[in-house]
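Inspection log for the structure reproduced underneath, given as structure tokens.
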Amino acid sequence: MTVSLPQLLASALAGMLAIAIPSRAPAQQPQPEAHPPLYLGAAWYPEQWPESRWDADLTLMEQAHIRFVRVGEFAWSTMEPTEGNYDFTWLDHAIDDAARHHIYVVLGTPTAAPPAWLTEKYPGTLRIDENGRRDGHGNRQQFNWANPKYRELARDIAERMAKRYGHNPNVIGWQIDNEYARESYGPDVQKQFDEWCREHYKTLDNLNTRWTTAYWSESYTDWSQIPIQEKYGNPGLLLSWKRFVSDTWRSYQKNQLDVIRANADPSQFITTNMMGWFDGYDHYTVSQDLDLASWDDYVGRGHLDPYRNGAAHDLTRGFLRKNFWVMETQPGFVNWAPVNTALDKGEVRAMAWHDIGHGADAVEYWQWRSDLNGQEELHGTLVGADGTPVPLYSEVKQIGAEFAKAGPALAGTSPHSQVAILHDYDSRWAINWQRHNQNFDPITQIVSYYKPLREVAQSIDIVQDTAPLDGYKLVVAPGLEVLTDAAAKNLIAYVEQGGHLVLGQRSAMKNGDNGLQPERAPGPLASLLGGRVDQFYAIDDKPGDTVPVTGVWGSTTSQIWAEQLSTSKPDTEVLMRYGKSNGWLDGQPAAITRKVGKGRITYIGAWMDDAAMLNAAKWMTKISGVTPAFGPVPAGVDVYPREGNGKKIFILVNFNKAPETVALPSPMHGVLDGKTVSAVTLAHYGVAVLEAK
Ligand code: GAL
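Following this line, the structure appears as structure tokens:
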């Protein structure tokens, strides 16, 4: 490995600070040991520092109970400095050195940052942006994810890594690439997209009919005429493009995944770091080939919103319907928000336990140490550019000690929920392309159901609309605007088998081609409901434009959106009605429900405030027999149940400024302090980890 100027500087600095730097011990086979049930980690970039510094870093990590580092995901130019000239010795050493400090390694394939020689020699691998401009070297993610040559090169480096480290006992897993995000729009991709359309629609007649291309003379007589449209275009085409993008990310990933799987021990997991609510591709499509879902959880500006962030955790847990990892999170602050505020003292710890509570088994801080140069110099870290800990280090050390202590109790446990919220990328895209009211944000809509339901049930799963639903007492679909035939079948079967399905505003307006259903919403579910949406209205946010709504959930107003419902069966009950407003809605049903055998289906057409939604959540959970996972807690205290292996664990976090006392439903064992208690008092950001006896 060549030594760069920053490395020389670092080494000089380390010397100035008189940090004891032991000379490298000869490489030794790492000793396998028990894997911790909860992993604390850091993103470490040894390629930026001289090897003589590594031991000091790893010592500081070990002292903070850091049990894994993610390494390598941007290090292509260090692994392969020139074409075909590989250098993995530094990585061998980094993995061995980490092992000596009882630190495992997750290896990132470096394909999100192709080296300069590659982009220079193979300019065809560079992506073409939305404006037709070819990307260049100097940042990252400049590659074209559909380019065969890029895939060949990416596969080669991934395969070399897998052959070298696939059976290294200190390597516990693989991260493919980093945060898939940027597509390419050149003629080669256009051709692949047209081919995708041909495969999916078989004939142009079929495509033309399903996209209603007679509209605006869009009819196609040749596959090559189909353009790429991203934001404004034929809804069928827009949705097909997104599905193509998702399939292409899946095959981009599979290209590397296959060679890793062929060469790695099955105990090494394969993941990629996703991005919570990011909707650039369908995460269900892409995650189905992975062993583990993981995501990068950043607050950015301000403070943690336990509901919106908690829902993103539950969303990620739903990709593979099992525990997941937080592959990156902010050590205090980021460098990319409009104001890069720091999380308060204690908030990073509260957030770490909030992560674990939602089913994370690992929390990794990005990044370990400030880079001496590079685009992210000012980002939060645990160690400064000078190589000594920043103030947050001691809080992270406490988290590490607590993870080590609580690990055995949490081993084999995960969240289990009686309530599922359905989530679907097609629907989010469809709503965003035609919001109808600019304030109709699909994520806000999901959270408007998630928050009150979580307050009542204390644990929620978020799953795809085609996921198995039979274990749930209540299934809520807030904005399932696109209802595919497969999802419709799943939902009908769920209700017929005794489940309670609640549909929110805009449900099932559209079919799997993003076209309107030929019957009124909720389309194929309307006859089960014994009712339908007669008309939808966008509600302006001008004073006086909100629509009053009254009924079993109290009196409130409908904002953003209001659907005029009607009933068609005598046993369909009206739960809420609109008051006087635009004339059309006056006195009309706003929420209706119908019992179907042992099951039930409910439709909510109004966008109500938090108080009414809480009443709605209480009503729907009660009528469905949902019981709270823990019991009453003061507002602002979050409770996270995890169970398994015959254990029931409850994590409590107080997000209120004032201390809160929580009476426990039964005496419990305090996992962190070893005391058996029947009540706990939590300071601001205070945490308790309790095991039910
Ligand atoms: C993530 C990315 C990291 C780092 C981080 C900074 O999106 O994966 O490499 O850039 O953001 O917040």
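2 is the number of the first residue of the sequence shown in this note's numbering; add one for each residue after it.
Yeah, the Cβ is synthetic: ideal placement off N, Cα and C, and Gly gets one too.
A distance below 7 Å between beta-carbons, with the five flanking residues on each side excluded, links Phe89 to the following residues of its chain, in chain order: Met80 and Arg165. Here the region 173-185 makes contact with the region 146-157; the two share three or more CB pairs at distances below 8 Å. Arg350: member of the alpha helix (DSSP H) spanning Glu348 to Gly358, first to last residue. Leaving aside the five residues that flank Arg455 on each side, the residues in its chain whose CB is nearer than 6 Å to its CB run, in chain order, Ile461.
With a cutoff of 8 Å on beta-carbon distance, Gly532 and Ser567 are scored as near each other.
Glu329 has its CB nearer than 7 Å to a heavy atom of the ligand GAL. Residue state for Asp639 is assigned as strand, using DSSP reduced to three classes. The three-state secondary structure of Asp93, taken from DSSP, is helix.
Runs of the alpha helix (DSSP H) lying entirely within the region 47-85 and spanning at least 4 residues, in chain order: 52-64 and 77-80. Trp296: member of the beta strand (DSSP E) spanning Ser295 to Asp298, first to last residue. The nearest non-hydrogen atom of the ligand GAL is 7 Å or more from the C-beta of Asp372. Each residue's CA atom was taken as its position, placing Ile173 and Glu396 some 26 Å apart.
With three or more CB-CB distances shorter than 8 Å, the region 410-424 counts as touching the region 632-648. A residue is called buried when at least 16 other Cβ atoms come within 10 angstroms of its Cβ; Leu61 meets this threshold and is buried. Judged by the Cβ position, Val335 qualifies as a neighbour of the ligand GAL at the 7 Å threshold, a heavy atom of the ligand being closer than this. Cβ neighbours of Leu119 within its own chain (closer than 8 Å, five residues either side excluded): Trp77, Glu84, Thr126 and Leu154. By the beta-carbon neighbour count (other beta carbons within 10 angstroms, threshold 16), Asn179 is buried. In this structure, the CA atom of Val391 is about 16 Å from the CA atom of Glu63. Annotated three-state conformation of Ala680 is strand, per DSSP. Rounded to whole angstroms, the separation of the alpha carbons of His424 and Asn310 is 15 Å. Between the alpha carbons of Tyr538 and Val597 lies a distance of about 29 Å. When Phe75, Asp93, Ala99 and Arg134 are compared, the shortest CA-CA separation from Ala114 is found for Phe75.
Here the alpha carbons of Gln143 and Ile129 stand approximately 9 Å from one another. For Asn655, the enclosing beta strand (DSSP E) starts and ends at Lys648 to Asn655.
It is roughly 32 Å from the alpha-carbon of Val464 to the alpha-carbon of Leu673. For Arg601, the enclosing beta strand (DSSP E) starts and ends at Gly600 to Ile605.
Three or more Cβ pairs drawn from the region 475-490 and the region 501-518 lie within less than 8 Å of each other, which places the two stretches in contact. In the structure shown, Asp535 adopts extended strand secondary structure according to DSSP, grouped into three states. Using a C-beta cut-off of 8 Å, the region 281-291 makes contact with the region 249-256, since at least three inter-stretch Cβ pairs fall below that distance. For Met275, DSSP records a beta bridge to Trp296.
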